[in-house]
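K.L.:
Residue 1221 is where the sequence shown starts when you use the working numbering, and the numbers rise one by one after that.
Every residue gets a Cβ at the ideal spot worked out from N, C-alpha and C, and that includes glycine.
Before anything else, here's the structure in question.
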Amino acid sequence: MPIVLFEDQHVVQLDPVAIGKPAFAIGCGGYRLIDLVAALGEPIQVRVRTHLREIVAADYSTLSGGPIDNNLPALWLNARLVPSVAVIERVRTMLAAGKPGIVTAGP
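Shown next, in the form of structure tokens:
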């Protein structure tokens, strides 16, 4: 099932660290969300702020920012999720269930 990492309007709460990089690439406790999600082996698509699109295309060339097939189930993960073992285990559980869903952080 494709995983879509997306940034929402609350990503600015992560500034200044998130000004020049996507939220999924911010390190926390030795982890980055992008690394944990990539280890799941599912296709990954991203939705980032406009000024980061070219940076993401250059630095993360295996990620897709293209159109999403709305006929397929997908798991949408807020890129502000804290990259942790607990979060990735929850994502694994959701993927194993095979149901579409969304995981958010904060309000």
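Between which two residues does the beta strand (DSSP E) containing Leu1295 stretch?
P.N.:
Segment Leu1295 to Asn1298, the beta strand (DSSP E) holding Leu1295.
K.L.:
Quick one, which of Arg1269, Glu1274, Gly1249 and Gln1265 has its alpha-carbon nearest Ala1306's?
P.N.:
Of the candidates Arg1269, Glu1274, Gly1249 and Gln1265, the one whose C-alpha sits nearest the C-alpha of Ala1306 is Gly1249.
K.L.:
Which residues in the same chain have their Cβ closer than 6 Å to the Cβ of Leu1292, if we skip the five residues on either side of it in sequence?
P.N.:
Within the same chain, Leu1292 has no close Cβ partners at all.
K.L.:
With three or more C-beta pairs closer than 8 Å as the rule, is the region 1309-1316 touching the region 1280-1288?
P.N.:
The region 1280-1288 is not in contact with the region 1309-1316.
K.L.:
Are the beta-carbon atoms belonging to Phe1226 and Ala1277 less than 8 Å from one another?
P.N.:
Cβ distance not < 8 Å, so Phe1226 and Ala1277 don't count as in contact.
K.L.:
Out of curiosity, what's the CA-to-CA distance linking Val1224 and Leu1253?
P.N.:
Straight-line Cα distance between these residues: approximately 12 Å.
K.L.:
Does the beta-carbon distance from Leu1234 to Ala1243 come in below 8 Å?
P.N.:
Cβ distance < 8 Å, so Leu1234 and Ala1243 count as in contact.
K.L.:
Would you mind giving the Cβ-Cβ distance between Gln1265 and Pro1222, rounded to the nearest angstrom? I have them listed as a contact below 8 Å.
P.N.:
Rounded, the Cβ-Cβ distance is 6 Å, consistent with contact.
K.L.:
Give the C-beta separation of Pro1320 and Leu1295 to the nearest angstrom, bearing in mind that I take them to be a contact with Cβ-Cβ under 8 Å.
P.N.:
About 7 Å separates the two Cβ atoms, so the contact holds.
K.L.:
Please return the same chain residues whose Cβ sits closer than 7 Å to the Cβ of Asn1290, not counting the five positions on each side in sequence.
P.N.:
Closer than 7 Å at Cβ, skipping near neighbours: no residue.
K.L.:
Quick one, which of Ala1258, Pro1236, Gln1229 and Ser1281 has its alpha-carbon nearest Thr1270's?
P.N.:
Taking only the C-alpha atoms, the option nearest Thr1270 is Gln1229.
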